[in-house]
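What follows is one structure encoded as structure tokens, with my remarks underneath.
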Amino acid sequence: MAHKHFEFGPFRLDAAEHLLLREGQPVQLPPKAFEMLLLLVENGGHVLQKSALMAALWPDSFVEESNLTQNVFLLRKALGEDQGGHQYVKTIPRVGYRFIAPVREILIEGDAVVVESHSRERIVVKEEIVEREEETGADLNHAPGVTGKAGSYPRRWNMPLAASAGLILVLGIGAFSYHSLAQRRMRTAKIAEIHSLAVLPFDTVDEESKARYLGVGIADALITQLGHLNQISVRPASAVQKYEGSDYDPALVGRELSVNAVLDGRIQKTGTRLLVKAQLFSTRDNTLLWSKTFEENYADIFSIQDEIAEQVAGEIATAKGEHSKSLLAKQHPRNIDAYEAYLKGRYFWNKRTATGGRKAVEYFKQSIEIDPSFAPGYAGLADCHMLYFSEASDLLLALPTFDFLVAKAIELDDSLAEPHAAFAYYKSAVGWDWSGAEKEFERAITLNPNYVTGRHWHAYNLISMGRSAEAIAEIERARQIDPVSLIINTDVGHTITLRGKTIRHWQPCRRPSRWTRISVLRESGSVRCTPGREDTKKRSQNFKGQ
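Structure representation (structure tokens):
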């Protein structure tokens, strides 16, 4: 029989034998991953849409798109692409996948006549039917329920056949139940391992730019709500902003952000209806740990956010054997338009650009004009005062003062961590009221233990109070929450320097920066992050020699 083989790189794919070889050695692949590889290779150079792949791999079943992602992950791992370099399977964001490596098709001739794949499939099916007829002694063309005739089976066979069928059914149900139980236990064990989580911007199916802020806004709200959990670290919005609109591998995100799990989702807004699908993945092997789809009126977006946060928190707490902590927001906006303007403001605030700052001010201002009792709008403007004053001073000077804004936000909603932290910073840096600032910082951290900016500023207030050991512990906690933040990694070194222990802590401070180097400057005695300096080691040695 003729066999069709495909060669690419060091691999040979034998379609007939369902075999993948690497330099002659078998490579283990699950059946669906193999089928996907065969489809991609047979259509090399062409994009296969996700919908087409799912229809081909699961023709008679409704499956989640995460099943496709999982098989792509397994396929890339088998091909040696698990380090992020995709030389075989390329993702086409929001569309599908393309096999990009050169492929050689080889036909190995045997003695038999070549049979096309679709004919071969029909032969296999026919053989199975014939074998079944021989085993049962039945004529399937005259089976009961087909022609309505009785007596196709001898009467003495009816009871044994029924008993056998019942036994097979019971065994099948038992095997399925055992498999399902084993899967649940494995999933629970993986959820129990979650100690850190990244909530990525949700993908928006609506291509209109006006809907893009929704994906970032929902993620930002979930980060805030899940940040109340003490048992896990939740990465801040600033750490995940770069993944907006990109097609990513959860395992790669896990390595980049040092997290055990990723929560993402998709949003579709149609008129007044909102469809949201949320998924929780393990970053160790891309296993889908939890998934659910929600559909509500757009005005009920808050209930969707609450339910996602509650269910994810509940899954984590249950897996860890703890009581689930209620994460429901104490207050929801009364006006959906004010909240929408606020989401747009946060979307631009997180961009950390001059243009983004000006747009953020405009949208936050719009939110409190729509609803003067909307506390997050005041908190957002206060944040703009601190971060974007130089870029948007003409806009901000026309607004109430910073201290009024934070006081108003706290008055309207005392459960928000952000204005408490901002008020604390104001008291510490402007009023030199370090004791008063300490109370506000403690309140902010109690409300949201994962609010990284609050912990970052708190470290400097502790330094001002002469509590340097606590300051170092606090800035280290901030780095645990956001290990990729350049400014926090810089200030870890700065905080340690202020205590006089620069050299002993120099290596830990240097470790997380892939794109920078920590430079110990002899002239100023400070620790500073600088891009790609080659003389770092020499400078540090000179400093040690003092």
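Going by the numbering used here, the first residue of the sequence shown is number 83, and it counts up by one from there. Don't be surprised by glycine CBs; every beta carbon is placed ideally from N, CA and C. A quick note: this is a predicted structure, and the numbers were derived from the prediction, not measured.
Test item: CB-CB of residue i and residue j under 7 Å
i    : j    : result
A503 : A526 : yes
Y179 : V298 : no
I545 : L498 : no
V394 : F363 : no
K300 : A319 : Checking the sequence, you will find Ile at residue 300 rather than Lys. In this structure, A319 does not lie closer than 7 Å to I300 by Cβ.
I314 : I273 : no
I452 : N417 : yes
I182 : K172 : yes
A457 : D485 : no
I554 : T577 : yes
H540 : F523 : yes
A97  : L120 : yes
V123 : F88  : yes
L296 : V341 : no
V287 : Q361 : no
L308 : A391 : yes
N532 : V316 : yes
Y445 : K433 : no
W372 : E397 : yes
Among the options, the one whose alpha carbon lies nearest that of residue i
i    : options                : result
P175 : Y325, K272, G403       : Y325
Y424 : A436, G403, T437, I450 : I450
T369 : A420, E99, L150, E392  : L150
G459 : V512, A442, A280, S475 : A442
Y542 : E556, N432, L487, L529 : E556
D285 : V322, Y421, L469       : V322
R366 : A271, Y445, G403, Q448 : A271
H415 : A303, E552, N125       : His is not the amino acid found at residue 415; the sequence shown has Pro there. Nearest C-alpha to P415: A303.
R269 : M118, Q107, T400       : T400
G462 : P454, W431, E397       : W431
E520 : N530, L529, K509       : K509
E147 : G126, G162, V177       : V177
G126 : P184, D573, W372, K114 : P184
E552 : V574, V145, A511, L479 : V574
I569 : R348, T535, P92        : T535
DSSP-derived helix/strand/coil call for residue i
i    : result
S143 : coil
W514 : coil
Q323 : helix
F384 : helix
I182 : coil
D96  : strand
R104 : strand
L120 : helix
T483 : coil
R348 : strand
T173 : strand
S546 : helix
H277 : coil
H540 : helix
T375 : strand
T435 : coil
S364 : strand
G396 : helix
F155 : helix
Closer than 6 Å: residue i CB and nearest the ligand COA heavy atom
i    : result
M136 : Ligands displayed in this structure: none; no statement on the ligand COA is therefore possible.
Integer-rounded CB distance, given that residue j should sit under 8 Å from residue i
i    : j    : result
C466 : G439 : 6 Å
Contact the region 347 to 358 vs the region 372 to 387: 3+ CB pairs below 8 Å: With a cut-off of 8 Å, the region 372 to 387 and the region 347 to 358 count as touching, because enough Cβ pairs lie within range.
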